[in-house]
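Protein chains: 2
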Amino acid sequence: MSEQWRDLVKEKKLRQQAAIPEAWIISPPPSSRLNVLELPEETGLLTPREVEITESHVEDLLPKLASGAWSAVDVTGAFSKRAIIAHQVVNCLTEIFIEQALQRAAVLDEYLSKTGKVVGPLHGLPISLKDQLAMKGFETVMGYVSWIGKYSEVDAALVEILVAQGAVPFVRTNVPQTLMWPETFNNVFGRTLNPHNRSLTPGGSSGGEGALIGMRGSALGVGSDIGGSIRIPSLFNGLYGLRPSYGRVPYRGAANSMEGQDSLPSVLGPLSTSLGGIKIFMKAVIDGKPWKKDPLAVNKPWDESSFALKEHNNGHQLVFGIMWNDGNVVPHPPVLRALEITRNALIEAGHKVVDWIPYKHKEIIINARAIWASGSQEDYVSITSLTGEPLIHTMSLEQDPLAPPSFRLTAAPKTAFQLWQLHKEKRNYRQEYLDHWEATVAQMGTGRCIDAIIAPGAPYAAPPHGKNYSADFTMIWNALDYPAMVLPVVKVDATLDKVRPPHQFLSEEDKTNYESYNPETFTDAPVGIQIVGRTCEEEALIAISEIADAAIKSFLTK
Amino acid sequence: MSEQWRDLVKEKKLRQQAAIPEAWIISPPPSSRLNVLELPEETGLLTPREVEITESHVEDLLPKLASGAWSAVDVTGAFSKRAIIAHQVVNCLTEIFIEQALQRAAVLDEYLSKTGKVVGPLHGLPISLKDQLAMKGFETVMGYVSWIGKYSEVDAALVEILVAQGAVPFVRTNVPQTLMWPETFNNVFGRTLNPHNRSLTPGGSSGGEGALIGMRGSALGVGSDIGGSIRIPSLFNGLYGLRPSYGRVPYRGAANSMEGQDSLPSVLGPLSTSLGGIKIFMKAVIDGKPWKKDPLAVNKPWDESSFALKEHNNGHQLVFGIMWNDGNVVPHPPVLRALEITRNALIEAGHKVVDWIPYKHKEIIINARAIWASGSQEDYVSITSLTGEPLIHTMSLEQDPLAPPSFRLTAAPKTAFQLWQLHKEKRNYRQEYLDHWEATVAQMGTGRCIDAIIAPGAPYAAPPHGKNYSADFTMIWNALDYPAMVLPVVKVDATLDKVRPPHQFLSEEDKTNYESYNPETFTDAPVGIQIVGRTCEEEALIAISEIADAAIKSFLTK
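Protein chains in written order, with the working numbering: chain A, 6 to 563; chain B, 6 to 563.
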């Protein structure tokens with residue numbers, strides 16, 4: 006096979022490098038330095054005000070931008086600089102268009118100073134975008150050598166809405182080839198690292214977002230999630246992240262993997278340093294009436310009564326189901342500790358917590374994988390064959406071309422009729438799971454079924470590169486189309502998170518997972534949880550997450 | 006092939022016959038009598054009060070039932086008797102369970118007399134169900150010999166909701182084998198006829214509903230629509246019928262054809278003698294929170310502000326786009342007259358009517374057909390092969406086994422990946438059509454785009470059996486997922502609907518269609534139109550339809 010694809014990569018990387026302002030180039034720390042979170046400040050490139058700006062949350066930035074206390078140019082400049090520094094240590098960016106962003110910010114500043122009004126609720130907020138969010142005049146490479154030079158003629162619908170609401174896109178972020186990996190590595194831009202510990206993966210497929218926002222190079226970013234791709238990077242980088250229901254956020258015009266695979270689709274959604282960022286994003290997007298731009302967007306306005314938890318006892322004495330494992334794998338000690346903290350915090354705040362019994366999780370996961378595999382190989386090959394770039398077989402540091410290919414690359418294609426049979430199976434599982442949830446009304450004594458599920462987001466904190474074997478804990482909610490929020494809780498702590506004595510293993514996988522734990526491997530890795538709500542009830546899930554987040558914070562600061 | 010399947014049919018028909026009360030058996034009119042609408046009264050079996058009841062609309066029946074002026078037993082009895090009479094002349098029923106219905110009605114009467122309250126908004130209303138709406142303990146044959154003896158263990162979710170809201174299911178109605186025909190004939194129950202003119206088809210696939218409600222054997226029935234199957238029988242029988250958006254009405258537990266075909270799915274919806282019936286049905290179903298029973302139901306409560314036309318100038322000075330043909334076929338004179346009446350009526354009522362330019366209708370139809378064909382043949386054969394019943398090749402009166410099979414039976418199966426490519430095509434068409442609609446804002450001068458489309462529902466009134474070749478005029482809206490309402494307008498009139506001079510034919514199909522018209526063939530056939538709204542805006546579409554219906558009625562009675 007010709008190696009000409011390497012020339013394409015070289016040329017693309019040169020163009021990327023040229024987009025980085027020289028003044029912001031740093032001398033890289035030694036690769037032995039694992040935790041680089043403090044590095045942006047240490048460089049001395051950021052002014053104290055730029056540090057203050059970049060360490061602010063979305064809900065604090067927006068009022069300052071709206072009042073003119075901070076200009077959009079200053080805020081965009083600060084995040085741009087910090088993003089570029091971050092990129093040099095964790096390799097999180099793909100497209101860099103700071104100059105255009107600053108021009109746009111200047112227009113916004115002028116508008117505000119002339120009219121006294123903001124353009125929209127996101128006025129002046131820099132926003133980072135996963136490398137699928139096409140923008141007019143820019144390439145959308147999405148981790149494929151074959152897509153270098155693929156310039157978009159229009160903005161993705163979501164970009165249109167965000168810009169109309171006042172946001173300032175300034176960078177795009179790295180992904181794995183095919184998007185169908187929970188880590189972040191491709192033949193064009195290489196591997197993204199976890200800023201908390203560079204020997205660990207930032208997760209994927211929105212791993213560039215996770216690493217960038219983890220380093221405060223952005224306060225709000227857009228990822229996509231087909232099996233955990235927003236939530237895994239959120240968990241692994243100590244962030245908030247929401248996987249919305251199908252169609253709540255418009256996908257039109259974004260590049261994607263396995264386009265036309267509509268059975269169990271990817272969704273776009275936010276990652277942020279704060280829950281405020283998540284809420285503000287969702288409300289701004291939905292208020293932008295995405296169904297007028299994207300026929301697949303759900304026609305459902307933002308529902309204030311759902312956000313006020315009218316059907317959830319107005320947020321008082323909620324009942325949570327807590328899932329300690331998925332019936333197949335028991336999570337590592339730090340994850341169990343995060344769950345224990347959450348349970349205790351919720352009880353202390355006056356809520357009730359009961360055990361959630363997982364229902365056929367393994368069967369549902371197998372069905373989901375089979376659906377994707379029904380045409381995935383043909384999809385991947387149809388793209389990589391354009392340039393002959395190799396299909397990536399593994400996320401491990403050693404890219405051994407002789408390694409046995411992952412299940413992603415060995416699936417036998419199916420017929421449409423066979424796919425229909427998988428759809429029937431999926432529908433039945435979804436019906437049974439809905440009944441399983443609704444049936445809890447009988448035990449609650451509240452007249453309601455449980456208000457939300459607390460669950461692990463992964464069976465471990467961010468693992469070493471190549472070791473993120475399973476996305477089962479996130480994928481289950483995609484298959485069921487339940488919105489799921491990630492909240493950060495703690496960090497791995499060698500003292501508190503000692504190896505626990507072996508339990509009765511639920512599966513071979515469980516044993517392997519148990520044996521893979523020791524606290525040293527996971528030094529500094531953040532640990533979070535998932536909160537899971539009902540289909541298309543993002544508003545309620547956000548409000549319940551606010552309650553849980555406040556309870557956890559109050560519990561931990563005692 | 007063994008002919009044992011014929012024994013199954015014989016035995017099933019005997020059981021059906023046994024469910025008919027002997028007192029209601031009539032001596033059939035000669036087959037030369039085409040219009041049988043008045044026959045129920047002529048039999049003398051109906052009391053004057055039963056005639057009054059069965060000629061009442063849903064919105065008039067419900068207050069009388071709620072006040073106790075008419076008992077549920079009386080109302081159920083009256084419709085049952087009329088339904089049985091209808092069945093004997095147009096062959097519209099499948100399952101008949103009048104005894105159970107009367108028992109249920111008696112329970113409702115007792116509840117009302119004891120508590121002074123109704124069970125729900127549909128208290129005591131008999132409701133007919135297409136032969137897909139499974140009910141616990143009953144067979145769901147759905148036109149397949151192979152499904153004789155297939156007893157359901159649970160009610161379909163929609164039946165559960167209707168019953169909880171007070172409705173009284175009393176009969177199920179006939180369908181074509183596979184459901185994928187716009188007429189109504191199968192190997193078990195035979196052919197359903199059009200009561201306006203028995204030489205014509207009542208349409209399909211909800212043809213049993215159409216014929217039954219057309220004869221006032223039911224005031225409200227449930228059909229399903231994947232390409233026109235609610236709307237075509239509504240049009241052909243002079244009824245109101247709504248094809249709701251995907252998932253607005255729950256499908257769970259209903260039998261179906263091509264199960265797992267989720268790309269362009271069938272939806273359930275109402276047919277009724279009045280628009281009031283359609284509205285009452287939709288509100289009662291949505292108020293039943295179908296998303297708590299069916300994971301595929303859209304989580305969207307009934308929207309009063311949409312029904313009040315808040316985004317459509319509160320219903321004043323609406324702007325309609327009128328589509329005279331679909332770019333491929335010009336409808337017959339009676340259909341054009343119905344459109345002309347509608348246009349003139351709307352203008353007279355103070356609204357604006359502009360021409361609607363169809364956008365790639367033929368391409369969209371071809372894509373839809375290819376999607377269904379990707380696995381349909383395997384689906385049909387997997388069912389018919391269970392008993393060896395023949396696959397039906399044609400809807401014509403002569404069931405010639407040597408006739409060339411319809412396109413439905415010759416499609417080559419596709420791979421899942423090929424199906425994905427069709428999905429991409431479909432998504433692009435839907436995006437372009439949405440843009441086409443949104444772009445009208447520029448010409449309207451109202452600040453809004455057009456409020457609804459007026460369109461033909463078929464290129465002809467009810468044609469003779471076997472001659473309903475095309476469902477293109479309805480299928481287009483399924484492919485786009487726009488809700489579409491059928492309103493009756495006039496009947497074919499030999500004086501007014503003369504053959505028009507030939508036009509410049511748009512296609513070979515157009516020429517064939519033109520040549521197939523003469524007013525005599527279509528004697529007494531009703532003629533209606535479609536009104537088309539925006540995805541998931543059923544409330545607005547119903548309100549706009551009320552405005553148009555009132556305008557048409559007022560225009561015609563001048």
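Note that CB positions come from ideal geometry on N, CA and C, so glycine has one too.
Checking 7 Å against the spacing of the C-beta atoms, do residue i and residue j come in under that value?
i	j	result
A/Pro255	A/Pro300	no
A/Arg253	A/Arg236	no
A/Asn473	A/Glu188	yes
A/Ser277	A/Leu225	yes
A/Val494	A/Gly533	yes
B/Ile370	B/Met480	yes
B/Leu269	B/Ala421	no
B/Gly265	A/Lys429	yes
B/Thr81	B/Leu107	yes
B/Phe241	B/Ala467	yes
For residue i, which residues from the same chain have a beta carbon less than 6 Å from its beta carbon, with the 5 sequence-adjacent residues on both sides left out?
i	result
B/Met220	Ala91, Pro200
A/Phe312	Glu544, Ala548
A/Gly222	Arg87, Ala88, Ala91
A/Arg109	Val173
B/Phe194	Thr99, Asn179
B/Ile153	Leu13, Lys17, Val146
Can you tell me which of the three DSSP states residue i falls into?
i	result
A/Ile30	coil
A/Gln436	helix
B/Met400	coil
B/Gln535	strand
B/Val80	helix
B/Tyr245	strand
A/Glu104	helix
A/Asn364	In the sequence on display, residue 364 of chain A carries Tyr and not Asn. Coil.
A/Val123	coil
A/Lys305	coil
B/Asn191	strand
B/Arg196	strand
Locate the beta strand (DSSP E) running through residue i, then write down its first and last residues.
i	result
B/Pro507	No beta strand (DSSP E) holds B/Pro507; DSSP gives it neither H nor E.
A/Asp12	Unbroken run through A/Asp12 is the alpha helix (DSSP H), 10-23; no beta strand (DSSP E).
A/Pro493	489-496
A/Thr99	98-101
B/Lys516	Counting along the chain, B/Lys516 falls outside any beta strand (DSSP E), though it belongs to the alpha helix (DSSP H) covering 513-520.
B/Thr347	Here B/Thr347 belongs to no beta strand (DSSP E); instead the alpha helix (DSSP H) covers 338-353.
Would residue i be called buried (16 or more neighbouring beta carbons within 10 Å of its own) or exposed?
i	result
A/Gln448	exposed
A/Tyr565	The structure shown does not extend to residue 565 of chain A, since chain A is modelled only from 6 through 563, so no value can be given for it.
A/Ile58	buried
A/Ile362	exposed
B/Glu551	buried
A/Ser37	exposed
Run the proximity test for residue i: is its beta-carbon closer than 6 Å to any non-hydrogen atom belonging to the ligand SAM?
i	result
B/Ile369	No copy of the ligand SAM occurs in the structure displayed, which carries no ligand at all.
Start and end of the alpha helix (DSSP H) containing residue i?
i	result
B/Thr389	381-389
B/Ile547	543-561
A/Leu44	44-47
Short of 8 Å in beta carbon distance, which residues of its chain neighbour residue i, apart from the five on each side in sequence? Order them along the chain.
i	result
B/Glu437	Tyr364, Lys365
B/Glu443	Cys454
A/Arg505	Pro338, Leu341
B/Cys541	Ser250, Arg253, Val303, Lys305, Pro488
A/Glu60	Arg221
A/Ala139	Thr145, Ser157, Val159, Asp160, Ala161, Val164, Gly258, Ala259, Ala260
B/Arg54	Asp79, Ala83
By Cβ distance, which residues of its chain are closer than 7 Å to residue i, with the 5 residues on each side in sequence left out?
i	result
A/Asn40	His201, Asn202, Asp529
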